[in-house]
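Participant: Chains as they are written, first to last, in the working numbering: chain A, -8 to 321; chain B, -8 to 321; chain C, -8 to 321; chain D, -8 to 321.
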């Protein structure tokens, strides 16, 4: 089966290549990049020195069974319509088709949506919540990385609680592969920096998928890969361990941790893997429940999850090519 | 003026030595350590190679005008009574005399208090709240590092709000200078680890000083020095910038930051200094206020603050010896 | 095919489990640990939460086709004789059987060798130099991690140069999973610490395998995984790029890098993989050649390489189970 | 006494401000920056929030007794002539006046020197070697940071040995405050990257000051501040401990360490201070001497050293304003 990656010079592109390269059912048929056009893949990704792949130019007629779009927001919606018309299956990792309400999307991303008719067609690419729809889909939208952590932490509580404060800690690779003043190493290392104190874009995604009223604060921490979402749920302190285990019993990438702080979710325990660790602790004294979830933002938060969707779309076993254990310690 | 440090081989001891060594009015007359008895200071603190100081044995009759106790919890309360009897001024950096209610202390620290009669005498050593009492005190209790960050973030709101969720991110030096399995470098580096999901000991200190009902979750992050406390106050979203500026207008170590995420509190901006940066952002949509506070846990969270108290106790200018700007970038 | 790991609670044990778990031809039949006896694997390795494996007790009659020993130095040589007697194939990751001259071994490791008769039988487990012997071997000795980096950097120059100064930078996981005062996170983070200025144990291994007179200095750097060996060869400045490419043309895990500093070996480009990147730069002005080699100390420097040997010993393709690209960026 | 800093928005500018702000004899009369013209100092240096200083425009008639130039290479030599004409004392932190041989300078820096007549006038600003000249100087050139580490490590051996391989490990702040693709945090963190395998510019500076034939290789490591220079001296293995102690007996910022690896130079032990730690280990077996030197690149490698020179130029005690102990652990 052939897969092409459009916009493969960034970090999600790199992780798509990395994982697909070992996927038993996939041959990478094309990777595109304007910046690296004609160059070997290792010019963009020095870790891939010996890989025989070159960046080519984008064309809608790329020879592929499935196309991953790893383009910046608003660039994807320009390409999706013409790709879908060719009959190929498309997985879009941008934010362009994540929100079902186009008005909320336009407000959140500050742009006019140019393919609103395709929004409904796009299945939200979170297998743990939309497995059956994904199996039947031709077009899947990737999920936001902080959103993924938040939604997976909250989904089992839908109907039991409805308000949450999410305090999220995020590694530097979530900012993408292009630098700015804030990502200059001496300025960025050693940070615990609240880069999105309020109004985080992913609030809407979490609300859409869980019904929770979400108030999020995001911090940049000194980590390359990884997200920890600490979800504080006020006025709620039931023991929900069993509920979580049941909810995710058929989801191979969700691991429910013990309450012992030694084993609670920590991005370090999932790095390099498609796992999402979830731990729940109740604070009876203050009637609060804290749900922690940890993911590798580039794997379960982006490329790994997209490949998990691809497996479902093509009738493969959900875990195919994604079974690597986390790299620990790293 | 002579200062002695009891238990000077740990990290708060080291920072007391570091700051007092440059203090214009202080001569360090003794540093004690059982472990390093008779040895040069640099055997414990390799950064102090050329300093002419040796660890000596503890005696209550140490030649000093002020004694800093940098001992583990419960060890301090054994020494404080006999020291105070000699007439020396005492600043205790342990947790032994921080809580005014001995029952809460005993429950929180799981031990019997052996000097309950001295609790009332101990002034809580946070100059921003207890400046006048500290000036008259013979005995000051240091404050908890996470507690310091939390209290300074919340104090101006007393009477306006009363419930808070504090999500705190803490550097590794807060765990002290003695290692355990969890502090082994390969296991600890790259962590965002919720080590105290609920029931953090400092909740009581913050409650005592601010009246807030405090629900805290603490995370170990990949940082040696520094604390960021993110205080989520639900059901409250007034603009309190002016309130904060007014409240701290006579407090030289409090810096109120702009709301712009570029300048919000970040431990990186205070490392090595006695500053506490505080920033307030309101989330009108969700009727939430977020207060961020950043400190260097070993300086404003421990040794610097103790010296700030000492200055007040001896009629010196509050900033003496503490005016160093943060080390940036570091 | 069944594999057992003796002493599986440390970092090399963890990486053996991690890689073998995805190996298409291997079933892990037993993992042993005295410390974690009877416990689930994730108690020692929190990244392996869902893996269904428990630590059992060591017995020489373990049901396995191949046994990996991941024991401390001197503990291995106690077990190897009885294991080999059972007819099982053995790969020992300790230093016990790396040196062919027992006198040098005893001097280097400060101990009496208890199985000197087996030294000759042990094939030095570096496939790039001993591929054919390994294919026929029943007993293979793992290689030192710094030694691996050094030997692979120097082997092509054998006969052309004979003296080298190796300045090696090593990540914290090379020190093992047991902590000490020097590995306490606040003390270890931010280090560039010369922990072995002279007399590094691996000098002898490199000398044995390359003939070079090796003078090594090793530094602990702020990295969990990874080794960079900078090999300074004085009085030699021929262009040897082609020589290197030819020497390693049949070695799938060796990647020769361009001279451009942008792509020279960097542990970051090999983390999580079995690759060894090698780059050569000549300094005509000072008649010096610098050879850089980068590996992941736990993979190509230990567990990955042991599995590469296993593949050869059992007639499998050398790369089987080891084809994962590096995790980048991480 | 008044000091002005020209080009104060970078990292050496920041450290000049930081140190001069606490200097008992100095008032900062002006800081200039084109980029931040008219803005408060904290807009460039967020750690300096409360400092009452604004960036102004450069003018040669700035009101100052001493002017520090913290400009990029080649920009300094445009300004120095007109500044010196006003009679003010000048300390230039750029590379423009470090090399005495203008031909070597032009070859090394790839530019035409526009003020060659002033080269001879510039005293090389390393007090440990040029203390008496600096006392009498009106114009001092700052030193390269890697050069400082190298020269201080080698100077005592002048006449005893003459060839050295310097393997240097450098923190990210040495690359300056302006980012590029290589300093983007996810790409730069976790690096041990040989960015200057041969032909390092500072070789010439070290040669000029010590007479050694210097062959240098420089690596970027995961550290914000700090340099470790490992100087491998082949064919030399005398015990020179006493020699070093004698050579530096009147140099308050040089600390000779024990040979015990526990205490050998480590940038971590000097961060935030003007100290240079030096340790010497001999490798009798291979007739090699290894000299380690560690500095904070922004302090002893740049701004601190410039202020040390200023103290000497104005008859102040050499240590004034520079007595802060290192920040440890940090």
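Just so you know, even glycine gets a beta-carbon here, dropped at the ideal spot from N, CA and C.
This structure is a prediction, so every number in the text was calculated from the model and none was measured.
For the putative contact between residue 55 of chain D and residue 22 of chain D, defined by C-beta atoms under 8 Å, what is the C-beta separation to the nearest angstrom?
Facilitator: Actually they do not touch by this definition, with Cβ atoms about 11 Å apart.
Participant: On a Cα-Cα basis, can you pick out the residue from D/290, D/61, D/45 that is closest to residue 217 of chain D?
Facilitator: Ranking the options by Cα distance to residue 217 of chain D, first place goes to D/290.
Participant: Ordered along the chain, which non-local residues of its own chain (more than five positions away) have a Cβ less than 7 Å from that of residue 122 of chain B?
Facilitator: 303.
Participant: Can you list the alpha helix (DSSP H) stretches of 4 or more residues lying completely in the stretch 199 to 272 of chain A, in chain order?
Facilitator: Runs found: 232 to 238.
Participant: Determine whether the beta carbon atoms of residue 293 of chain C and residue 84 of chain C lie at a separation below 8 Å.
Facilitator: Contact flag set, yes.
Participant: Say the cut is 7 Å; is the CB of residue 53 of chain C nearer than that to a heavy atom of the ligand FAD?
Facilitator: Although the ligand FAD was asked about, the structure shown includes no ligands whatsoever.
Participant: Do you know offhand how far residue 266 of chain C's Cα is from residue 137 of chain C's?
Facilitator: In a straight line, the C-alpha of residue 266 of chain C is about 14 Å away from that of residue 137 of chain C.
Participant: Can you pull the chain D neighbours of residue 41 of chain B, defined as C-beta to C-beta under 7 Å?
Facilitator: 246, listed in chain order.
Participant: For residue 76 of chain A, which of A/186, A/172, A/224, A/130 has the nearest alpha-carbon?
Facilitator: Nearest of A/186, A/172, A/224, A/130 to residue 76 of chain A, Cα basis: A/130.
Participant: Only counting runs of 4 or more residues, tell me where the alpha helix (DSSP H) segments fall wholly within the stretch 71 to 103 of chain B, in order along the chain.
Facilitator: Runs of the alpha helix (DSSP H) inside the stretch 71 to 103 of chain B: 93 to 100.
Participant: Under the rule that 16 or more other beta-carbon atoms within 10 Å means buried, what is residue 5 of chain A, buried or exposed?
Facilitator: When all chains shown are included, residue 5 of chain A counts as buried.
Participant: By Cβ distance below 8 Å, which residues in the same chain neighbour residue 44 of chain B in space, the five residues on each side in sequence not counted?
Facilitator: Here the set comprises 8, 19, 22, 31, 32.
Participant: Are the CB atoms of residue 263 of chain D and residue 318 of chain D within a distance shorter than 8 Å?
Facilitator: It is a contact, given that the beta carbons lie within the stated cut-off.
Participant: In the DSSP output, what is residue 23 of chain A paired with across the bridge?
Facilitator: Paired residues: A/-3, A/47.
Participant: Distance check for residue 252 of chain B and residue 169 of chain C, CA to CA, integer angstroms please.
Facilitator: Residue 169 of chain C and residue 252 of chain B: Cα-Cα distance of roughly 40 Å.
Participant: Could you pull the DSSP bridge partners for residue 319 of chain C from this structure?
Facilitator: Answer is none; residue 319 of chain C lacks a bridge partner.
Participant: Could you check how far apart the C-beta atoms of residue 185 of chain A and residue 221 of chain B are, in whole angstroms? I think they sit under 8 Å.
Facilitator: That pair is a contact at about 7 Å.
Participant: Taking 8 Å as the CB-CB limit, is residue 235 of chain B close to chain A?
Facilitator: Closer than 8 Å: no.
Participant: Using a Cβ-Cβ cutoff of 9 Å, what residues of the stretch 253 to 281 of chain D are near chain B? List them in chain order.
Facilitator: Flagged, chain order: 253, 254, 257, 259, 260, 261, 262, 263, 264, 266, 268.
Participant: By DSSP, does residue 61 of chain A sit in helix, in strand, or in coil?
Facilitator: It is coil, neither helix nor strand.
Participant: Which value, in whole angstroms, describes the spacing of the CA atoms of residue 51 of chain C and residue 242 of chain C?
Facilitator: Looking at the two C-alpha atoms, the distance is approximately 34 Å.
Participant: Taking only beta-carbon atoms, is residue 187 of chain B less than 8 Å away from chain C?
Facilitator: It does not: the Cβ of residue 187 of chain B has no partner Cβ on chain C nearer than 8 Å.
Participant: Between residue 297 of chain D and residue 116 of chain D, how many whole angstroms is the CB-CB distance? I'm expecting something under 8 Å.
Facilitator: Indeed, because the Cβ distance is near 7 Å, the residues count as touching under 8 Å.
Participant: Provide the residue span of the alpha helix (DSSP H) that contains residue 279 of chain B, from first to last.
Facilitator: First-last for residue 279 of chain B: 279 to 286, but that is the beta strand (DSSP E), not the alpha helix (DSSP H).
Participant: Taking Cβ positions, are residue 109 of chain D and residue 195 of chain D nearer each other than 8 Å?
Facilitator: It is not a contact, given that the beta carbons lie outside the stated cut-off.
Participant: Within the 8 Å Cβ cut-off, does residue 177 of chain D reach chain A?
Facilitator: Yes, contact with chain A.
Participant: Between residue 44 of chain B and chain A, is there a C-beta pair that is closer than 8 Å?
Facilitator: Not one chain A Cβ lies under 8 Å of residue 44 of chain B.
Participant: Can you give me the C-alpha to C-alpha distance between residue 46 of chain B and residue 223 of chain A, rounded to a whole angstrom?
Facilitator: So the two alpha carbons sit approximately 46 Å from each other.
Participant: Distance check for residue 310 of chain B and residue 15 of chain B, CA to CA, integer angstroms please.
Facilitator: When rounded, the distance between both Cα atoms is 11 Å.
Participant: Determine the burial state of residue 172 of chain B: buried for a count of at least 16 other Cβ atoms within 10 Å of its Cβ, exposed for fewer.
Facilitator: When all chains shown are included, residue 172 of chain B counts as exposed.
Participant: Name, going along the chain, the residues of the stretch 208 to 227 of chain D whose beta-carbon falls closer than 7 Å to a beta-carbon of chain A.
Facilitator: Answer in chain order: 215.
Participant: Can you tell me which of B/159, B/101, B/155, B/215 puts its alpha carbon nearest to the alpha carbon of residue 323 of chain B?
Facilitator: Because chain B here runs from -8 to 321, residue 323 of chain B falls outside it and cannot be looked at.
Participant: Grab me the residues of residue 274 of chain B's own chain with a C-beta within less than 8 Å of its C-beta, minus the 5 sequence neighbours each way, in chain order.
Facilitator: 228, 280, 281, listed in sequence order.
Participant: Distance, Cα to Cα, residue 288 of chain C vs residue 214 of chain B?
Facilitator: Approximately 24 Å, taken between the alpha carbons.
Participant: Cβ closer than 7 Å: which chain G residues qualify as neighbours of residue 12 of chain A?
Facilitator: Among the chains of the structure shown, chain G does not appear; the protein chains present are A, B, C and D.
Participant: If I follow the unbroken beta strand (DSSP E) through residue 132 of chain D, where does it start and stop?
Facilitator: Run containing residue 132 of chain D: 130 to 132, per the beta strand (DSSP E) assignment.
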